[in-house]
Amino acid sequence: MRYPKDHKETARAAILAAAARPLKEKGFGGVGVDGLASAADVTSGAIYSNFGSKEAFLEQVVNEQLGAEFAVIDHLDPDERRRRLAEFLHVYLSDEHCASVADGCLMPALSADVSRASDAVREAYERRITALIERLVPALPGSPTEQAERAWALVASVVGAVTIARALPSGEHSRAIRAATLHHVTAALADGDPTAG
């Protein structure tokens, strides 16, 4: 049987998408290669042949998924980008996203694991988060320097809020931290003309 030319890439992408779910849900130390393979309905050998190692798999997940959720603001003019970003932040800080670790943003789920990973994984994280900041800058008010500062603060705020909210046993406190963060980041979005500077 002959496979299409892109079969290997398509199969690899499907493995990555499926196996990333338990990685985000259980953390790097909480799931082994067998667990990753089981989630993707492949053998452990398929993980090794496609990615080389568990840490290389983590690096590829970072390369593919970090910041991907924010693509909803791409290719928009600054005003529309800012409006869409505000809408997106409501979803990002929602109960649903907070509860959905496996299908949610990589940053609150795996940043602590990345901090303990190899230089290659950390460098991939740095590249992707820097690209995310560049994606956010046009949506934010102020001079270019202020826009960059606001972008870093926004990402740190929302990722930190979801991370802390997930760690809290009380739904009340989890919602309170996310509501407070949403209030502050959306106020920062509205502060001035995003085309200024």
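Numbering (the working numbering), first residue to last: 1 to 197. Glycine included, C-beta positions come from ideal geometry on N, C-alpha and C. Predicted model only: the values in this text are computed from it and were never measured.
1. Which residues in the same chain have their Cβ closer than 6 Å to the Cβ of Gln147, if we skip the five residues on either side of it in sequence?
2. Tell whether a beta-carbon distance below 8 Å holds between Leu36 and Phe57.
3. Hey, would you say Arg135 sits closer than 8 Å to Asp191, going by beta carbons?
4. List the endpoints of the continuous alpha helix (DSSP H) containing His184.
5. Tell me the residue span of the alpha helix (DSSP H) that contains Asp103.
6. Could you have a look at Thr145 and say whether DSSP puts it in helix, strand or coil?
7. How close, in whole Å, do the beta carbons of Ala39 and Ala11 come, if the pair is a contact with beta carbons under 8 Å?
8. For Leu16, which of Ala109, Asn50, Gly27 has the nearest alpha-carbon?
9. Exposed or buried, Pro108, counting other C-beta atoms within 10 Å across all chains shown (16 or more means buried)?
10. Could you tell me which of Lys54, Thr181, Arg128 sits nearest to Leu66, measuring between CA atoms?
11. Taking the alpha-carbon positions, what's the His64 to Val114 distance?
12. Taking Leu189 and Arg82 to be in contact with their CB atoms under 8 Å, please state how far apart those CB atoms are, rounded to whole angstroms.
13. Which residue comes first and which comes last in the alpha helix (DSSP H) that contains Phe51?
14. Is it the case that the Cβ atoms of Arg178 and Ala167 are separated by a distance below 8 Å?
For this structure:
1. Reading the sequence shown from its first residue, position 147 is the one you call residue 147. Scanning its chain for C-beta atoms nearer than 6 Å, with the 5 sequence neighbours on each side dropped, one finds around Gln147 the residues Val137, Leu140, in chain order.
2. Locating residue 36 in the sequence shown gives position 36, where the first residue counts as 1. Locating residue 57 in the sequence shown gives position 57, where the first residue counts as 1. Yes, the Cβ-Cβ distance between Leu36 and Phe57 is below 8 Å.
3. For this step, residue 135 is matched to residue 135 along the sequence shown. For this step, residue 191 is matched to residue 191 along the sequence shown. A distance of 8 Å or more separates the beta carbons of Arg135 and Asp191.
4. By 1-based counting over the sequence shown, the position of residue 184 is 184. In this chain, the alpha helix (DSSP H) harbouring His184 covers 171 to 189.
5. The residue given as residue 103 occupies position 103 in the sequence shown. Neither: Asp103 is in no alpha helix (DSSP H) and is coded neither H nor E.
6. Sequence index remark: in the sequence shown, residue 145 carries index 145 (1-based). Reduced to three states, the DSSP call for Thr145 is helix.
7. As a position in the sequence shown, residue 39 is number 39, starting the count at 1. As a position in the sequence shown, residue 11 is number 11, starting the count at 1. Contact flag wrong, Cβ pair sits at about 15 Å.
8. On the sequence shown, residue 16 is found 16 positions in, with the first residue counted as 1. Looking at the Cα atoms, Asn50 is the closest of the given residues.
9. As a first step, residue 108 is located in the sequence shown; it is residue number 108 there, counting from the start. Result: buried.
10. By one-based count along the sequence shown, residue 66 stands at place 66. Of the candidates Lys54, Thr181, Arg128, the one whose C-alpha sits nearest the C-alpha of Leu66 is Arg128.
11. By 1-based counting over the sequence shown, the position of residue 64 is 64. By 1-based counting over the sequence shown, the position of residue 114 is 114. Checking the displayed sequence, the identity of residue 64 turns out to be Glu instead of His. One C-alpha to the other measures close to 14 Å.
12. Taking the sequence shown and counting its residues from 1, the one referred to as residue 189 is at position 189. Taking the sequence shown and counting its residues from 1, the one referred to as residue 82 is at position 82. Right, their Cβ atoms sit about 6 Å apart.
13. As a position in the sequence shown, residue 51 is number 51, starting the count at 1. That run of the alpha helix (DSSP H) goes 44 to 51.
14. Counted from its first residue, the sequence shown places residue 178 at position 178. Counted from its first residue, the sequence shown places residue 167 at position 167. If you check the CB distance, Arg178 and Ala167 do not come in under 8 Å.
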